[in-house]
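The structure appears below as C-alpha cells.
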Amino acid sequence: MAKFIYPTDTTRVTSGFRGSRPDHHGIDLAESGYHPIYAAASGRVSRSYISSSYGECIMIVHTIDGVTWETVYAHMRSGSRTVKEGDYVTQGQTIGVMGNTGDSSGQHLHFELHKGSWNINKNNAVNPLDYLGKGDGGGTTEPSDKPLQPKGLGIATSKYPEGWGINLYSGPGKDAWFTGHVINTKMPYLIIDAAWYGGNENMLCLGWEAWAKEEHFEVQWFHAYSKYPAGYGINTYDGPNGNYKGNVDGSYPYGVFARKDGYIDIGQNTWVKEEHFNVR
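If you read the sequence shown in full-length UniProt numbering, its first letter stands for residue 1, the second for the next number, and so on.
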C-alpha cells in the first residue's frame, strides 16, 4: 500500500503545486458530480472546521516511519464532514464529499501535504504528486496498459440507464439550440473539445454540432505524460504558437483541457508542445 493514496476518486489535476501560482501550496482535483473524499493515510484529525478561505475543511496528522506529516482537505460540500477533531481515521476512510465552499470557484478538492505540521506560512508544504500512490516518493510511471490517444480529451459515457436521453446542442454557449438529437445509449463517445464554464455548466463536444453538459456523463479523462525524465524542463506558452510563459518539469501527468495545432492546454491557459508528451 502506498504511504499516501489519492484523496478522492479522480486523479484529474486542474491546478498544480505552486508553479504559475506561487501561493498555491497544494493541488486541485476536480470533477462534477458526487465524489467522496478519503483520508490519504491513517492518522488523527487535527482540525475539522469551517474556514472563510478553505471552506469546510479537515486536517489530519500522520506519523509514518517516525516522520510527522499533515494533510489538508478543503472546499468540502456543506455539511459533508464525517469526522471531528481528535478522531482517528484509517487510510481510505471517507471523511467528506467534494464541494465548493469557502474561497472557491467551481467544485474541486484542494489538497495539501505538509512534511511536518501545517502552519500559517505553509513552509512545510511539499508537492503531493511526488508522494500520492507511491511507496517512498519518486518519479511518475507512465501507465503502459493505457493506449496512446492521438486526438481528443477523454471518453464520455452516459451515466444513465439505456433509453434515458441526453440532449445535444449546436454549441456550448447560451445561444446554442437543441439539435433534435439525443444520446440514449451507453456507447462511449470521444470528447473532441470542451468548454470550461465551471461546475455543472461545463460542456463537452462529442462530434460535429453535438455538445452536451458534462454533468450527464462518466468521463475518463486523458492525461499527458512527459517523454523525458522527471525534472527535464519543458517550455510552456500562453496559447498555441503563443508567447513563452515558463516551463514544467514533467514530474506528474497533466490534465488535457484542449488540443490545437500541435499544442496541449494543461490548465490555466498553459500550453505545451504535444511532441514532448504521450497522451493516454
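Glycine included, C-beta positions come from ideal geometry on N, C-alpha and C.
Of Pro22, His24 and Lys84, the smallest CA-CA separation from Ser48 is found for Lys84. If you draw a straight line from the Cα of Glu31 to the Cα of Gly198, it is about 10 angstroms long.
Residues of the same chain with a CB within less than 7 angstroms of the CB of Thr10, apart from the 5 flanking positions on each side, are Leu29, Glu31 and His35 in chain order. Cβ-Cβ distances below 6 angstroms link Phe4 to Ala40, Ala41, Tyr131 and Leu132 in the same chain, with the five nearest sequence neighbours on each side left out; the list follows chain order. Excluding five sequence positions before and after Val272, the CB atoms of its chain that fall closer than 8 angstroms to its own CB belong to Ala224, Ile234, Asn235, Thr236, Tyr237, Val248, Tyr254, Tyr263, Ile264 and Ile266, given in chain order. Ranked by Cα distance from His276, the options Phe257, Lys260, Asp261 and Tyr228 are led by Tyr228.
When Val182, Thr90 and Trp221 are compared, the shortest CA-CA separation from Leu148 is found for Trp221. For the pair of segments examined, the stretch 59–78 was found to touch the stretch 97–115: the number of CB pairs separated by less than 8 angstroms reaches three.
With a cutoff of 8 angstroms on beta-carbon distance, Leu190 and Gly250 are scored as not near each other.
For Ile27, the closest of Val279, His75, Thr179 and Trp164 by C-alpha to C-alpha distance is His75.
Going by beta carbons, Gly102 and Tyr54 fall inside the 8 angstroms limit. When rounded, the separation of the alpha-carbon atoms in Phe217 and Lys159 is 5 angstroms. Take the alpha-carbon of Lys122 and the one of Pro22: they are about 12 angstroms apart. Looking only at Ala258, Thr270 and Gly33, the smallest Cα-Cα distance to Gly246 is reached by Thr270.
Taking 8 angstroms as the cut-off, the Cβ atoms of Lys186 and Asn200 do not count as close.
Assignment of Pro188 by DSSP, reduced to helix, strand and coil, places it in the coil class. Annotated as proximal: Leu204 and Trp211, with beta-carbon spacing under 8 angstroms. Selection Val182, Thr157 and Ser226 evaluated against Gly165 yields Val182 as nearest (Cα-Cα). Counting only residues of its own chain and dropping the five nearest sequence neighbours on each side, Tyr232 has a CB closer than 8 angstroms to the CB of Ser226, Asp249 and Gly250. The DSSP assignment places no complete alpha helix (DSSP H) segment of no fewer than 4 residues inside the UniProt domain "M23ase beta-sheet core" (24–121).
The DSSP-derived three-state label of Gly180 is strand. The alpha-carbon of Gly171 is positioned some 10 angstroms away from that of Ala194. Between Ile60 and Arg44, the C-beta gap is smaller than 8 angstroms, which places the two residues in contact. Beta-bridge pairing by DSSP links Thr236 to Gly246.
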